[in-house]
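Those sequence lines, one after another, are chains A and B.
86 is the number that this note's numbering gives to position 82 of the first sequence; each next residue is one higher, with no gaps.
285 is the number that this note's numbering gives to position 281 of the second sequence; each next residue is one higher, with no gaps.
Where is the CB? At the ideal position from N, CA and C, for every residue including glycine.
Structure first, commentary second.
There are 2 protein chains.
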Amino acid sequence: MSKAYDSMSKDELENELKVVQKKYDEYKALGLKLDMSRGKPAPAQIELSLPMMDVLNSSSDYMSIVDTRNYGIADGIPEAKKLIADILEVDPSEVIVCGNSSLNIMFDVVSKAMNKGIMGETPWGKQSKVKFLCPVPGYDRHFAILQYFGIEMINVPMKEDGPDMDMVEEYVNNDSEVKGIWCVPKYANPTGISYSDEVVKRFAALKPAAKDFRIFWDNAYCIHDFYEDNQDKILPILSECKKQGNDDLVYMFCSTSKVTFPGAGIAALATSEANVKDYMSQLKWQTIGFDKINMLRHARFFGDVNGVKKHMMKHAALIRPKFEIVLKTLEKELGGLGIGKWTNPIGGYFISFDSLDGCAKEIVKTAKEAGVVMTGAGATYPYGKDPKDSNIRIAPTYPTEEELQKACDLFAVCVKLVSLKKLLAK
Amino acid sequence: MSKAYDSMSKDELENELKVVQKKYDEYKALGLKLDMSRGKPAPAQIELSLPMMDVLNSSSDYMSIVDTRNYGIADGIPEAKKLIADILEVDPSEVIVCGNSSLNIMFDVVSKAMNKGIMGETPWGKQSKVKFLCPVPGYDRHFAILQYFGIEMINVPMKEDGPDMDMVEEYVNNDSEVKGIWCVPKYANPTGISYSDEVVKRFAALKPAAKDFRIFWDNAYCIHDFYEDNQDKILPILSECKKQGNDDLVYMFCSTSKVTFPGAGIAALATSEANVKDYMSQLKWQTIGFDKINMLRHARFFGDVNGVKKHMMKHAALIRPKFEIVLKTLEKELGGLGIGKWTNPIGGYFISFDSLDGCAKEIVKTAKEAGVVMTGAGATYPYGKDPKDSNIRIAPTYPTEEELQKACDLFAVCVKLVSLKKLLAK
Chain A
5 MSKAYDSMSK DELENELKVV QKKYDEYKAL GLKLDMSRGK PAPAQIELSL PMMDVLNSSS
65 DYMSIVDTRN YGIADGIPEA KKLIADILEV DPSEVIVCGN SSLNIMFDVV SKAMNKGIMG
125 ETPWGKQSKV KFLCPVPGYD RHFAILQYFG IEMINVPMKE DGPDMDMVEE YVNNDSEVKG
185 IWCVPKYANP TGISYSDEVV KRFAALKPAA KDFRIFWDNA YCIHDFYEDN QDKILPILSE
245 CKKQGNDDLV YMFCSTSKVT FPGAGIAALA TSEANVKDYM SQLKWQTIGF DKINMLRHAR
305 FFGDVNGVKK HMMKHAALIR PKFEIVLKTL EKELGGLGIG KWTNPIGGYF ISFDSLDGCA
365 KEIVKTAKEA GVVMTGAGAT YPYGKDPKDS NIRIAPTYPT EEELQKACDL FAVCVKLVSL
425 KKLLAK
Chain B
5 MSKAYDSMSK DELENELKVV QKKYDEYKAL GLKLDMSRGK PAPAQIELSL PMMDVLNSSS
65 DYMSIVDTRN YGIADGIPEA KKLIADILEV DPSEVIVCGN SSLNIMFDVV SKAMNKGIMG
125 ETPWGKQSKV KFLCPVPGYD RHFAILQYFG IEMINVPMKE DGPDMDMVEE YVNNDSEVKG
185 IWCVPKYANP TGISYSDEVV KRFAALKPAA KDFRIFWDNA YCIHDFYEDN QDKILPILSE
245 CKKQGNDDLV YMFCSTSKVT FPGAGIAALA TSEANVKDYM SQLKWQTIGF DKINMLRHAR
305 FFGDVNGVKK HMMKHAALIR PKFEIVLKTL EKELGGLGIG KWTNPIGGYF ISFDSLDGCA
365 KEIVKTAKEA GVVMTGAGAT YPYGKDPKDS NIRIAPTYPT EEELQKACDL FAVCVKLVSL
425 KKLLAK
């Protein structure tokens, strides 16, 4: 085990800095060009879904309850609703299958709440103030939607098993200006943790001060497990809400972007039948229907939810070794140094790294100067402002294993370099 | 030639009524179930695009400037931009290729103007009043978007060659609350007329009182001609606007919904580069990208704009006979009676029928009671209110020729029946 930096003398730190600086300069000279910034499937993962492109051709039968090639059905074909319902553990009547992007649906739900209000309540855009709770660190694109609409964001710390529920309850149950909270309940972005049963139950039992408060439950990684026999399980929030008489409390989102093809998958909203009705009453002005051929393609390819889960294990076989590379490298290079902590998820797309306070921006910058792009420091916080400047999101999926190893080695060097400078400047 | 109803005596009218009523009752007894309500391609038209479903399979090359199967490119792949640009006679840099629905894009453009404003102007939603000009009769879904957002609609009469431009200029150039106008410039919905060069030029030369006024140019039927050698040509509005120094005046919309598959086509926004930039600065919060695989499928299937035009002639061969059935039947059954006028378009999806004042609703109702569904009377006017209650939209494409003949025969009977009752009640 290496000696922790904070137990080193100034001389030891300075010697270590020389060694690390030399290593960094050597990496820089390599002219690397690597990207660990976004949760993007690798080309090999994309290949897994190629057989789906043979499911429909010019001789296929395109009939669902209607001809999927013509107009009609704004809320998705039954085959696709059933598939999504089984993935999310809800009833098909609680599902609207939309276009290719769950982000787009989330934006649209917020947009509708702003413009028309939820279930007849005053539109958020006409209320004097609208606030959202944002568990941090979280997903930058969630925060961006709120920032776009001028919704105030309140940081809520993430704990080992979900957001700080004392704080969530305090805000939601007392402040009628609080209208929503972003959640990524399973393999959260970026921490990779999953919500405990207790957390889900406390969510379901909220007594919001605002009638138009909703939980925005982005179940982006609901089936994105790494292991067949070691998976996080989260309670189905919709059922839990019903048990509490809170039927309409939650909007769930998911997509097949990281199941089949990012950009050419299907995405869905799942929520109570009353919320479905409220949403559809507005959606009908906006579209005659989404791409039903692509829905049919997905439904036929997978057959049922077991087909999806089997397919996800193929992804797992490609992703797992990459997470192992990152975790092993972090442990080997930084373990015991006391200059970083990181999460060890068993699913999802991210590892969350916390550096010494005030170092994250500099680490990301230093890595970039040597050719390794990380998610921008601060991106995991509303307004891009990480109050401690310590969180860095690591996205291991896209690079090859060889590239990833190099990127991680360099990243560890950058963490050391910036931490040493920080400690020496004290 | 039949005798005009308004030159008949009361006795003659009453005798005619008996004959017509008997015919109507006979039709009613047939228990027809026919639909002439929506501009929906017939199954035979859908079949025309089936070969497109063989363009991409599991062995295909999916590379554009990026892998179309993965994330990236929010504004569409170059191949699709080029195709749309050539259809709309604009530059690819002036095109954003989106999802499957141009209606969705129109809704989104209005939504963005409401929430964030156009090019830094005050959001429409925060201005005391926002008005749109609506050439009438027009497209019900255009009006529905405005109604959804609470935008006031002002009727502008359609003439033989486009909207009443004196009225348009008067409003747009003097009233800063007027922010937009809906146009379907070629084979308009529902009249089927196309804008003359003079009309397009006067549009391009508008001097709007509002900086954030835009022309919403829904070029839905831009390539939907019935004949190879007899086509309406409209001036390219974007070039005309540039000549007038009005570069940013127009948003154009189109889709392949009635070219390939309704619901599984591609749709686009075309506008000045400055407008593109303004729109993309907002779109980026909403989506990571649209379905690039479907864009590639379309681009590869057609090759270029000539491929599209060739394909459209196959549609024409199926649609033309249907329009002929309607027009021949109207002429044969109603010609010279003085109880209806109708348009005779050479492209598009609709024939517009004007009954005697105060008869449209009753005609549609009477037809429905005998099993023939027409577009709801009034639908072609904002708020569903046709001030004269005379306009009926006829959509001949979906039924088979045999069905269509029956539906038209019945429609003519209904027009006679309702008109006779109206004349007798005077």
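Contact belief for residue i with residue j at Cβ below 8 Å, rounded distance in angstroms
| i | j | result |
| --- | --- | --- |
| A432/B | C258/B | This structure leaves residue 432/B out entirely; chain B is present only between 5 and 430. |
| G103/A | M118/A | The Cβ separation is near 20 Å, so there is no contact. |
| F230/A | G184/A | Contact flag wrong, Cβ pair sits at about 30 Å. |
| D79/B | I100/B | 5 Å |
| Y75/B | I292/B | 5 Å |
| C418/B | T370/B | 4 Å |
| I241/A | S198/A | With 8 Å as the limit, I241/A and S198/A do not qualify as a contact, their Cβ atoms being about 12 Å apart. |
| K389/B | G380/B | Not confirmed; about 12 Å, so no contact. |
| Y225/B | G352/B | 4 Å |
| L428/B | Y28/B | Wrong, their Cβ atoms sit about 15 Å apart, outside the cutoff. |
| V4/B | L210/B | Shown here, chain B extends from 5 to 430; a query on residue 4/B therefore has no answer. |
| G339/A | S6/A | 7 Å |
Residue i classed as buried or exposed, judged by whether at least 16 other C-beta atoms fall within 10 angstroms
| i | result |
| --- | --- |
| K407/A | Checking the displayed sequence, the identity of residue 407/A turns out to be Glu instead of Lys. It counts as buried. |
| Y191/B | buried |
| V254/A | buried |
| N279/A | buried |
| E164/A | exposed |
| I69/A | exposed |
| N159/B | buried |
| M169/B | buried |
| E335/A | exposed |
| E30/A | exposed |
| P194/A | buried |
| E232/B | exposed |
| K386/A | Checking the displayed sequence, the identity of residue 386/A turns out to be Pro instead of Lys. Buried, by the Cβ-count rule. |
| N250/A | buried |
| G43/A | buried |
| D358/A | buried |
| S63/A | exposed |
| A268/B | buried |
| V23/A | exposed |
| M162/B | buried |
| A46/B | buried |
| D393/B | buried |
Partner residues on chain B for residue i, Cβ-Cβ distance less than 7 Å
| i | result |
| --- | --- |
| S259/A | Chain B residues near S259/A: none, gap ~11 Å exceeds 7 Å. |
| T291/A | S105, L107 and N108 |
Chain-ordered neighbours of residue i on chain A, where CB pairs are closer than 8 Å
| i | result |
| --- | --- |
| A268/B | T72, R73, D295, K296, I297 and N298 |
| N61/B | M57, D58 and N61 |
| K44/B | N74 and Y75 |
Beta-carbon neighbours of residue i, restricted to chain B and to distances below 8 Å
| i | result |
| --- | --- |
| P47/A | D71 and N74 |
| I50/A | D71, R73 and N74 |
| F265/A | R73, N74 and I297 |
| Y111/A | Looking at the sequence provided, one finds Phe at residue 111/A rather than Tyr. By Cβ distance, chain B contributes W289, Q290 and T291. |
Chain-ordered chain A contacts of residue i [CB-CB under 9 Å]
| i | result |
| --- | --- |
| Y152/B | N119, K120, Q286, W289 and Q290 |
Under 7 Å by beta carbon: chain A residues contacting residue i
| i | result |
| --- | --- |
| S41/B | None at all; the shortest Cβ gap to chain A is about 11 Å. |
| L54/B | S62 |
| S68/B | Chain A residues near S68/B: none, gap ~11 Å exceeds 7 Å. |
- Item | Within 7 Å of chain A by C-beta, residues of the segment 119-149 of chain B in sequence order | N119, G129, A148 and I149
- Could you tell me whether the segment 56-64 of chain B touches the segment 76-89 of chain A, where touching means 3 or more Cβ pairs closer than 8 Å? no
- With a cut-off of 8 Å, do at least 3 Cβ pairs link the segment 401-418 of chain B to the segment 5-20 of chain B? no
- Counting Cβ pairs closer than 8 Å, one from the segment 408-418 of chain A and one from the segment 30-40 of chain A, do we hit at least three? yes
- Query: Quick check: the segment 130-145 of chain A against the segment 299-306 of chain A, are there 3 or more CB pairs under 8 Å?
  - Reply: no
- Are the segment 268-284 of chain A and the segment 316-324 of chain A touching, with three or more C-beta to C-beta distances below 8 Å? No: fewer than three Cβ pairs fall under 8 Å.
- Query: Listed in chain order, which residues of the segment 96-107 of chain A have Cβ atoms closer than 7 Å to some Cβ of chain B?
  - Reply: G103, N104, S105 and L107
- Item | chain A contacts made by the segment 229-250 of chain B, where a contact means CB separation under 7 Å | For the segment 229-250 of chain B, which is checked against every Cβ of chain A, not one residue is closer than 7 Å.
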